[in-house]
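Number 13 in the numbering used here belongs to position 22 of the sequence shown; there are no gaps in the numbering.
Worksheet for the structure shown next.
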Amino acid sequence: MSDDRKPRRREQILQALALMLEEDSGKRITTAALARQVGVSEAALYRHFPSKARMFEGLIDFIEESIFARINRIMEEVPDATNRCHTILSLVLGFAEKNPGLARVMGGDVLTGETARLRQRIHQLFERLETQFKQILREAEIREGRRPNISASAAANLLIAHAEGRIAQYVRSDFKRLPTDYWDDQWTLLSSQLLREAAQPA
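As structure tokens, then:
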């Protein structure tokens, strides 16, 4: 197989896996079923991925690369803390909504029974997002003279818990309750209590 065809086949396998996660919500995905979906033998699957865990890792890699590449742009283009937090949360919720199969990976339910390494990867993804929010909120006092109403750690955890909860609802409802439902109204409430003017020294 030529070098340029191999990446395309890997991508095809990952796309098929994401589609099955969306269409067969709640069902365990077997390599035999995935091979049928792709139109290849199980042996051919294993030539591209040595295990199903590596296939899930490929999906997690895609999620991380997609989200954090855009976050880097947001940090460059959006100047203030409130809008940074809003734009990043909107990105995460919108990404899950547009990619239901990947939302199941983000929610972690589909990784039950798989290797613990995969669940740890998802845990680290959300930890990284939470750390990003914490950094934004801590820098707000220096950049804007504003600080969180609660500690930066607690506020960052609140934001990430909201995102995780909306994604969990989306998966649990079989993708009927969209992560962006009520989002504008909810953000109005969240953001109104997020930051306040820092006390000026006497």
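A virtual CB, placed ideally from N, CA and C, is assigned to each residue, including glycine.
Checklist entry - Taking C-alpha atoms, which residue in I51, R134, S57 lies nearest to R108? => result I51
Checklist entry - Does the count of Cβ pairs from the stretch 86 to 94 and the stretch 67 to 75 closer than 8 angstroms reach three? => result Look at the beta carbons and you see the stretch 86 to 94 not touching the stretch 67 to 75: under three pairs across the two are nearer than 8 angstroms.
Checklist entry - Along the chain, which unbroken stretches of the alpha helix (DSSP H) at least 4 residues long are found entirely within the stretch 12 to 39? => result As summarised for the stretch 12 to 39, the continuous alpha helix (DSSP H) elements at least 4 residues long and confined to that stretch are 22 to 29, 33 to 39, given in chain order.
Next on the checklist: For a test of the three-state rule: what should DSSP assign to R119, helix, strand or coil?
Outcome noted: In the structure shown, R119 sits in a helix (DSSP, three-state: H, G or I).
Checklist entry - On the three-pair Cβ rule with 8 angstroms, is the stretch 155 to 171 touching the stretch 133 to 147? => result no
Next on the checklist: At the level of alpha carbons, what is the spacing between A35 and I58?
Outcome noted: The straight-line gap separating the alpha-carbon atoms of A35 and I58 is approximately 30 angstroms.
Checklist entry - First and last residue of the beta strand (DSSP E) that includes R137? => result 137 to 139
Checklist entry - Looking at M11 and Q28, is the spacing between their C-beta atoms short of 8 angstroms? => result yes
Checklist entry - Grouping DSSP H, G and I as helix and E and B as strand, with all else coil, what is R187? => result strand
Next on the checklist: By the three-class DSSP mapping on this structure, what secondary structure does N90 have?
Outcome noted: coil
Next on the checklist: Just verifying my parser: in three-state terms, what is the DSSP assignment at L109?
Outcome noted: helix
Checklist entry - In whole angstroms, what is the alpha-carbon distance linking R0 and E121? => result When only Cα atoms are considered, R0 and E121 end up about 34 angstroms apart.
Next on the checklist: Assuming contact is defined by CB atoms lying nearer than 8 angstroms, are S182 and H77 in contact in what I supplied?
Outcome noted: yes
Item to check | Endpoints, alpha helix (DSSP H) assigned at S42 | outcome: Per DSSP, S42 belongs to no alpha helix (DSSP H) and is neither H nor E.
Checklist entry - Ends of the alpha helix (DSSP H) at S164? => result Premise fails: S164 is in no alpha helix (DSSP H) and is neither H nor E.
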